[in-house]
Amino acid sequence: MKRILLPLLVAAACAGCERLYVKQAELPAGASVEERASIAGRVVPTPQQLAWQQLELTAFLHFGINTFTGREWGDGGEDPALFDPAELDADQWVRTLRDGGFRLVILTAKHHDGFCLWPTATTAHSVASSPWRGGRGDVVRELRDACLKHGMRFGVYLSPWDRNAPCYGDSPRYNDLFIAQLTELLTDYGRIDEVWFDGACGEGPDGRKQEYDWERIYATIRRLQPEAVTAIMGDDVRWVGNEGGVGRTTEWSSAVLAPGGSTAGAAENRRLGIDAMSKDLGGRDILARASTVYWYPSEVDVSIRPGWFYHDSEDAQVKSLKQLVDIYFSSVGRNSQLLLNIPPDRRGRIHAADSVRLRELAGYLDRAFADDRAVAGDALWRPEAGESREYALAPGSRINTLLLQEEIDRGQRVEAFTVEALTGGSWVEVARETTIGYKRLIRIPEIEAERLRVTVDATRLRARIARVAAYLVPSLSEEHPATDDGLLARDGWTVCRAEPLTVDMGEPRFVQGLVYAPGEASPEVAYKYRFEVSADGEQWTEVIADGEFSNMMYNAEPRRVEFGRELPARYFRLTASTVAGTPARVEMEHIGIVG
Ligand code: FUL
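Each number in our numbering comes from the position in the sequence shown (counting from 1) with 18 added on.
If you want it as structure tokens, here you go:
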């Protein structure tokens, strides 16, 4: 009996079985869009990708030589003697982050300036050449130990771009050096959960272009830390495409963007005309033209301050609780992970302005999501397109936030959905959206309701809704951080020349600094610049000869540059070039002058 039944049972179970594709699937050339969508809906995360997604929040620590120079991108020529965080306390970092709700932290072990926070054997440009702990310190180890003590997971950021290494641009030699650095980090510090490779990359000495050996890099990670996820230039986690904290409202984790740096992948991305910043990375239009679909979920990286590194001039510009909560909704609430940067200060501690805000955020999120009003919202629901399900709300519920989740270990499927609320005896539409994915949060106008009705309007194939929830989250009033402190009013200013931007401020003033605020990040914004002032518009005094608005092309937060002295001036001139070296057009409205 047993012998006959078992095969029958297996066959019955498999009648509803779906073929799943872990991490990647090919889209056959002749397949219809419907077939392609069905395949895309059955691409699933690896166990590591799933665990990473479930973390929801990760902390980023930008710390290094820039902390001591006030720069965002060091040029590699910095003296290691500058690095001396006399009160460095990695335990305080980890306690602060743990209390802020984080369970994974990533440290910039080496940023673009090449200064290594561990005593590497590969270069003298490291903590070993600094006065900190008499040259015997190791930031990576101290953080690692604090993580072990507090049960925090640990990841490393290792910048491929290295503005210090003399061999950068001599591709085989630099690749050897990079692999040696990676090997040290992945061998000497126990378990590493995430390896983060930045996409920012410039030329080496004499304009030589570095070709990274991504295959060798990935093979090294797979060999030494097979459990780690690799991010950004890695192939497990995708950069959302901006540094402003905003995910797409339609965000597909099963996307057609080829990950990593492989030549074939890059060629396919070019053929499709897409990059990490493209609007559509997984909809039917792009699936119709693609040959492969990947599980490549989005990560939103953003700093709690304007810059990635600590600058004391930004202590009053720590994002407000409202800004951070908005970021949470537009990242975690849009099927992304939030990677929030909290840069330790020059003492080597997380500044009180940031730690207080993190505690506020954790407290707010705990309160906001403590009281789910939906009854039995976590019973798995498997709708076809067009099907609806009603969810009762606890009696007397007022709600202003909806939460939906798909069971992503069976793929991301929902393409469109609607939510209605039963209020005062009639149904009112409160949300009409597209994707759900791991988690979708939707703010709706506050309403008293008895029931919710969710309709899956379109789906790649039979969907799997793991959870529907509803909350009344506390509202937060608008707060504006101070970014324009002490700026001169622009009344009476005139543009004498558009390129380079030359402005007559109308009368003699004393100037102490400048602010550049281009509004939107793009490759066209100013990167390298010269700033001059003049009393008469003819004789010019150079104030900044070789300035750099580092990273402005990705993060358009206003940059404030203090001159450290007062200069008499009626005119100023800003000569700027883009990251590609072409002249940058800067508008007068983008410049503020500190008076
Ligand atoms: C960018 C870098 O250039 C920034 O300095 C920062 O590290 C950010 C996370 O990534 O691409």
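C-beta: ideal position from N, C-alpha, C; glycine also.
key: Span of the alpha helix (DSSP H), counted from its first residue to its last, around residue 55   = From DSSP, the alpha helix (DSSP H) with residue 55 extends over 51 to 58.
task = Please report the Cβ distance between residue 90 and residue 326, rounded to the nearest whole angstrom; I am assuming they are in contact, meaning their Cβ atoms lie under 8 Å.
result = The Cβ separation is near 6 Å, so the contact holds.
query = Around ligand 1, what residues have a beta-carbon under 5 Å from a heavy atom of it, in chain order?
reply = Going by the Cβ distance cut-off, the answer is 216, 218, 326, 569.
ask   = Starting from residue 381 and walking both ways along the alpha helix (DSSP H), at which residues does that stretch end?
value = 370 to 386 is the span of the alpha helix (DSSP H), which, as asked, contains residue 381.
ask   = To the nearest angstrom, how far is it from the Cα of residue 185 to the Cα of residue 191?
value = Spanning the two alpha carbons is a distance of roughly 6 Å.
task = Give a single yes or no on whether residue 461 has its beta carbon closer than 7 Å to a heavy atom of ligand 3.
result = Because ligand 3 does not appear in the structure shown, any question about it cannot be addressed here, the ligands present being ligand 1.
message = Checking the sheet assignment: what are the DSSP bridge partners for residue 591?
response = Answer is 520, 550.
query = By a C-beta neighbour count over all protein chains shown, 10 Å radius and 16 as the cutoff for buried, is residue 60 buried or exposed?
reply = Label assigned to residue 60: buried.
query = In angstroms, rounded to a whole number, what distance separates the CA positions of residue 370 and residue 142?
reply = In this structure, the CA atom of residue 370 is about 33 Å from the CA atom of residue 142.
message = Given this structure, state the Cα-to-Cα distance separating residue 362 from residue 216, to the nearest angstrom.
response = Answer to the nearest angstrom: the Cα atoms are 20 Å apart.
ask   = Helix, strand or coil: how does DSSP classify residue 498 here?
value = Any reading at residue 498 is ruled out, since the residue's pLDDT is 45, under 50, leaving its predicted position unreliable.
ask   = Between the segment 79 to 89 and the segment 444 to 452, do three or more beta carbon pairs fall short of 8 Å?
value = In short, these stretches do not touch, since the Cβ pair count stays below three.
request  = Would you mind working out which of 330, 301, 323, 267 sits nearest residue 354, comparing C-alpha positions?
outcome  = Proximity to residue 354 across 330, 301, 323, 267 peaks at 267, based on C-alpha coordinates.
query = Are there three or more Cβ pairs, one per stretch, closer than 8 Å when the segment 128 to 143 is compared with the segment 393 to 401?
reply = Not touching, per the Cβ criterion.
request  = Hey, could you find the ends of the beta strand (DSSP E) residue 560 is sitting in?
outcome  = Here the beta strand (DSSP E) through residue 560 covers 559 to 566.
request  = On a CA-only basis, which of 99, 388, 177, 240 is nearest residue 492? Give me that one, please.
outcome  = Checking every option, the nearest Cα to that of residue 492 belongs to 388.
inquiry  = If you reduce the DSSP assignment to three classes, tell me which class residue 658 lands in.
reply    = What is shown of the chain runs 19 to 613, which leaves residue 658 out entirely.
message = Between which residues of its own chain and residue 42 is the CB-CB distance below 8 Å, once the five residues before and five after are set aside?
response = Contacts found: 61, 310, 311, 312, 313.
query = Should residue 416 go down as buried or exposed, given a rule of 16 or more other Cβ atoms within 10 Å for buried?
reply = Exposed: under 16 other Cβ atoms inside 10 Å.
message = Using 8 Å as the cut-off, can you tell me whether the segment 335 to 343 makes contact with the segment 297 to 311, which would need three or more C-beta pairs spanning the two stretches below that distance?
response = Short answer: they don't touch.
Contact set for residue 109: own chain, Cβ-Cβ below 6 Å, skip 5 residues either direction = Here the set comprises 164.
key: Cut-off 8 Å between Cβ atoms - residues of its own chain near residue 499, not counting five sequence neighbours on either side   = The predicted model places residue 499 with a pLDDT of 44, which falls under 50 and marks its position as unreliable; any figure quoted below should be read in that light. The answer, listed in chain order, is 334, 335, 336, 337, 338, 341.
query = When the Cα atoms are used, what is the spatial distance from residue 145 to residue 154?
reply = Answer to the nearest angstrom: the Cα atoms are 8 Å apart.
key: Given 8 Å, three or more beta-carbon pairs between the segment 520 to 532 and the segment 546 to 565   = Under the Cβ criterion (8 Å, minimum of three pairs), the segment 520 to 532 counts as touching the segment 546 to 565.
ask   = Roughly how many angstroms separate the alpha carbons of residue 69 and residue 475, rounded to a whole number?
value = In this model, residue 69 and residue 475 are separated by some 29 Å (Cα to Cα).
message = Between which residues of its own chain and residue 535 is the CB-CB distance below 6 Å, once the five residues before and five after are set aside?
response = Result list for residue 535: 576, 608, in chain order.
task = Please work out which residues of its chain come closer than 8 Å, Cβ to Cβ, to residue 123, disregarding the five sequence neighbours upstream and downstream, and give them in chain order.
result = Here the set comprises 76, 77, 78, 79, 111, 112, 115, 161, 165, 170, 171, 172, 173.
task = Mark residue 602 as exposed unless 16 or more other C-beta atoms lie within 10 angstroms of its C-beta, in which case mark it buried.
result = Burial is judged here by how many other beta carbons sit within 10 angstroms of a residue's own beta carbon; residue 602 has at least 16 and is buried.
query = Assuming residue 54 contacts residue 45 under a Cβ cut-off of 8 Å, what Cβ separation, rounded to an integer in Å, is found between them?
reply = Residue 54 to residue 45, Cβ: 5 Å. Contact.
request  = Give me whichever residues DSSP pairs with residue 610 in a beta bridge.
outcome  = Looking at the DSSP assignment, residue 610 forms a beta bridge with 533.
inquiry  = Measuring alpha carbon to alpha carbon, tell me which residue in 238, 136, 419, 261 is nearest residue 252.
reply    = Checked all of 238, 136, 419, 261; the closest Cα to residue 252 is 238.
key: Residues bridged to residue 205 (per DSSP)   = Partner(s): none; residue 205 has no beta bridge.
Local conformation of residue 336 per DSSP, three classes = Three-state result, residue 336: coil.
request  = Let me know the alpha helix (DSSP H) ranges lying completely inside the segment 90 to 148, each 4 residues or longer, listed in chain order.
outcome  = Qualifying alpha helix (DSSP H) stretches, in chain order: 108 to 117.
query = Got a sec? Which residues, its chain only, sit under 6 Å from residue 356 by beta carbon, not counting five neighbours each side?
reply = Contacts found: 75, 318, 349, 350.
message = Checking the sheet assignment: what are the DSSP bridge partners for residue 601?
response = Beta-bridge pairing by DSSP links residue 601 to 595.
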